[in-house]
Amino acid sequence: MVGSARAWHRGEAVTAAAFLQLQGIEKRWSDAVTIGPITLDISRGEILALLGPSGSGKTTMLRLLAGFEIADGGRIAVANDDVTNVPPARRRFGMVFQHYALFPHLDVGDNVGFGLAGSRERGAVATKVSAALALVDLVGFERRKVHELSGGQQQRVALARALAPEPRVLLLDEPLSNLDPALRERTRHELREVIKRVGITTVFVTHEQEEAFDLGDRIAVLNQGRLEQAGSADELYERPASLFVATFVGRANVFRGAAAKLLGGGATRNGVVVVRPERLRFGPAGLPGVVRERRYTGAAAFFTVESDDHERFEVLAEPDAAQVGERVYVEATRVIAL
Amino acid sequence: MTRPRRVDLAAALVTLLLAWLVIYPILIVGAEASNGVAIRAFLTRPGEWAALWASIWISLLSVILAAAIGVPLAFLFEWFDFPGRKTLGALIALPVVLPPLVGVIAFLFLFGESGFIARAIQAALHLENAPWRLQGPAAILLVHAYSMYVYFYLFMRAGLAKLDVSMLEAAQALGADRKTTLWRVIVPLLRPSLIGAAILTFMTALGSFSAPYIFGGGFRVMTTQIVATKLNGDLPLAMVETVALAIVAIAGLLILRRTEGDDILVALGKGIAPRPRPIRRVSVRWLATIMGWGLAVVLLLPHLTLILVSLVPYGAWTTEILPPVVNFDNYRRLFSETERLRPMWNSFWMAAVSTTVAVVVAIVGGWLVVRRRVAWRRAIEGLLALPWALPGTVFAIALATTFSVRAPLVLRFVLVGTVVLLPLAYLVRALPLTGRGILASYRQLDPALEEAAASLGAGRWRTLARVTLPQLRPGLAAGASLAFVAGLGDLVASIVLYTFETRPVSIEILSSLRLDETGVAAAFGVVLMLVSAIVLGVGARR
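First to last, the protein sequences are chains H and Y.
Be aware that the first sequence starts at 0, since it is given in numbering that gives the first Met the number 0, and climbs by one per residue.
Be aware that the second sequence starts at 0, since it is given in numbering that gives the first Met the number 0, and climbs by one per residue.
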């Protein structure tokens, strides 16, 4: 199975690193609301997460890639093939919709086979349908009705349906948002495993940092229609390019002025310093404050500390590192200067 | 950035086409009606005022009578359980299947002066003449009440089924007795259903033609008055009468709409309806069962009479209580004589063509209004719905007037006397039915389904055929079957617009009655009834 799945995507011989290219892509909904221009290169077989709060333009970006929206400027290319104005039906991009959009009047097999209409041979279609269903671990589900399936099974049918026509790029719109939290983590790993096994270039949209980190090889952070930063999870976390990325990706304490200097952020441009809670510790000297709250998480505890100028921040430390009401000094082991 | 799109062009074309079909003829009638002599004639003749007033009070009384029958029935069948509840509940909605004209002749054969019952009483009491004459306002009201209680029955059952049982429990917990609960809780909650049924009944009664035409005698309502004036050749006066009827219809609709209020039940979300309560007291349960069955028999009697009459050959039934001969002679004649097959074929093809076009227009309209959200969407939606607000006679007269003049530059052509005009009239009447069903289905259709098809490589037509149409099917089938049945049994538009070549079944029924061919008329009625029932049954299937 693994071998044949990979063979699907051997057709195109592209040596360039960038398989899917977005060049200055722009969408103007109105004068006040514009998306882009965004330039982004995605290499073959890469999984890219589009991460951002609601209204950041991430869904618009995905719909521009799928061809449901037409860009007002810029260019989209796959393997040097310009698809900017190619309609969705001829773009050969597979898409998994947020609510799956499974056709309720067709059974699982007909849903998965929907995109295979080009090949006239019945047997060939049936073989491809069962191969796609096998890929998502739903062998023998062909004649089941879609509304009889659980949420997780529906999600896998949607994935099989998108992959069956052997698309060049796979697009996923909030792929896990419709599942209950207990199922989400497991599905996330299964999803990544299937995508990596097929080896397909993938772009997915999410507003959850954990999902982006876990599923994506690289993450593009969007805010108010602009691309803030694109990079690996480590890069975004350790070297955020902006205050927005620093605070949106992971927990972050923002210090300014005197407090920033005290923590050792001397040579900053704006005098702003960001410190992750786990990069703060209680010590004999440093930024003074009083512990106001303690939230126990098991392995460690979050301490909310109020500094003398009434700014609150969080310290992640050993559960018994301090008491509520205790006067403490806080020092930073690593600061992010912005 | 905002170059004119092809979609806007399509929207403009659809809007213009609909305006030409729906508004333009009405405007032309309005223009022709502004004729001083005709208006003076209308205002000064007492007969005109009497007919207009008759239309209004007959319609209002029809609403009251239909409510008096339909509302208690809805409560009985929704809240109480007794043997046969389900079967009877479906049978009771049956009059909705009858085309108006068929209902009227069934009544004629049952309650008319030479009908089944009158004949039985005459024979039993050895009377010289028939004990009564089924004529005038009372006869019209009887037919209206019989055929229109269904609206109240169906609307109220739907409303009661949505009623949240916790509301009734809350009222009881707050110490309200039954009467208080009924008037302070149930009635206000069901007001939208009540008003909705009242509007439908009022509009149907106001536009009713078959009953006043057959039973009216010297008693005229506005619809029969208009047709009589037109046949007398006084066209300007007919225009004024048409405008007067249209004004009454629009005014009635607006007044009733104001009382409608918001649909509170929908606003509060879906409730859990109370389960039907079994009646515990044996005597009461028997009473309810007998009453229910008795009622069903009374309501089904016209259908049964129609079938019986259709089996009696010409001239075989004179003074006997029961027909001496019963056979399929009439049906044999129906299907073997070309002169009788012709109207059936006419009705079928005209209803089929008008329904098909109405479905296509509604799908294009639905796509433009719901999916593309074009700038003209309100106009398109309004134009699709408008023919419902005006009586059929108004449109028949308007189309006859508009398309009897050759003036291609103002888009008027001579269609009177051609085979095109009658299907065109059916089409106009069909638009609100298909439009309503398809627009509602389109609104429930998740656009992601069509996008999913496109992302899987399906082109526009494949997406339409494989995804959109199958998903629109319930609304489409319901709208199309109603439109087809309406066209098949139509008399209102046909009597104004038919030619010898296009004469439909309804006209043939009338001429058979005139020739005392009651058996043939009844056989036609049975065919219409069965086809309507089958088509509506298929249309309502999920």
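Note that CB positions come from ideal geometry on N, CA and C, so glycine has one too.
- prompt: Under 7 Å Cβ-Cβ, which residues of chain Y neighbour H/G93?
  reply: S454
- prompt: Going straight from the alpha carbon of Y/P301 to that of Y/G158, what length do you get?
  reply: 29 Å
- prompt: Using DSSP with H/G/I as helix, E/B as strand and the rest coil, what is Y/F110?
  reply: helix
field: Neighbourhood of Y/V265 by C-beta distance below 7 Å, restricted to the same chain and skipping five residues each side
entry: Any reading at Y/V265 must be qualified, since the residue scores a pLDDT of 41, below 50, and its modelled position is unreliable; no value is offered.
message: Between Y/L153 and Y/A92, how many whole angstroms is the CB-CB distance? I'm expecting something under 8 Å.
response: 6 Å
message: I want to see whether chain Y comes within less than 8 Å of H/A369, judged by CB atoms only; does it?
response: Shown here, chain H extends from 0 to 337; a query on residue 369 of chain H therefore has no answer.
query: Using 8 Å as the limit for Cβ to Cβ distance, is H/H146 near chain Y?
result: no
task: For H/V248, I'd like the list of residues in its chain whose CB is within less than 7 Å of its CB, leaving aside the five on either flank, ordered along the chain.
output: Q208, V220, L235, Y236 and P239
Same chain only: Cβ atoms within 6 Å of Y/T498, ignoring 5 sequence neighbours per side: G416
- prompt: Name the DSSP bridge partner or partners of H/Q228?
  reply: H/V220
query: In its own chain, which residues sit with a C-beta less than 7 Å from the C-beta of H/G151, not counting the 5 before and 5 after it?
result: L178, L182 and T186
message: Against chain H, with Cβ distances strictly below 8 Å, would Y/Q542 count as a contact?
response: No answer is possible for residue 542 of chain Y: it lies beyond the span of chain Y, which begins at 0 and ends at 541.
message: For H/A65, would you say it is in contact with chain Y, using Cβ-to-Cβ distances shorter than 8 Å as the test?
response: yes
task: Determine the contact status of Y/L385 and Y/A521, defining contact as a CB-CB distance below 8 Å.
output: no
Extent of the continuous beta strand (DSSP E) run through H/I34: T33 to S42
message: I want to know whether the region 508 to 520 of chain Y touches the region 358 to 377 of chain Y - three or more CB-CB distances under 8 Å.
response: no
message: For H/G114, would you say it is in contact with chain Y, using Cβ-to-Cβ distances shorter than 8 Å as the test?
response: yes
message: I'd like to confirm the pairing. Which residues does DSSP put opposite H/P287 in its beta bridges?
response: H/Y328
query: Does DSSP put Y/R339 in a helix, a strand or coil?
result: helix
- prompt: Around the Cβ of Y/W460, are there at least 16 other Cβ atoms within 10 angstroms (buried) or fewer (exposed)?
  reply: exposed
- request: Evaluate contact between the region 279 to 286 of chain Y and the region 486 to 495 of chain Y, counting only Cβ atoms and requiring at least three cross-stretch pairs below 8 Å.
  value: no
query: H/K127 bridges to which residues according to DSSP?
result: None; H/K127 has no bridge partner.
- request: From the DSSP output, in three-state form, read off H/D71 for me.
  value: coil
query: Quick one: what's H/L279 bridged to in DSSP?
result: H/A331
query: Is Y/N231 buried or exposed, if buried means 16 or more other CB atoms sit within 10 Å of its CB?
result: exposed
task: For Y/V373, I'd like the list of residues in its chain whose CB is within less than 7 Å of its CB, leaving aside the five on either flank, ordered along the chain.
output: V6, D7, A10 and L367
- prompt: From the beta carbon of H/F203, is the nearest beta carbon of chain Y less than 8 Å away?
  reply: no
Y/D515, DSSP secondary structure in three states: coil
query: Quick one, are the C-beta atoms of Y/L426 and Y/F208 less than 8 Å apart?
result: no
- prompt: Using 8 Å as the limit for Cβ to Cβ distance, is Y/D445 near chain H?
  reply: yes
field: Cβ of H/A100 within 8 Å of any chain Y Cβ
entry: yes
field: Close-in-space but distant-in-sequence residues of the same chain around Y/L410 (CB under 8 Å, 5 per side omitted)
entry: W19 and Y23
query: Any Cβ of chain H within less than 8 Å of the Cβ of Y/A451?
result: yes
field: Bridge partner(s) assigned by DSSP for H/G93
entry: H/L169
task: State yes or no: is the beta carbon of H/H104 nearer than 8 Å to at least one beta carbon in chain Y?
output: yes
task: Please list the residues of the region 70 to 88 of chain H that have a C-beta atom closer than 8 Å to any C-beta atom in chain Y, keeping them in chain order.
output: D71, P86, P87 and A88
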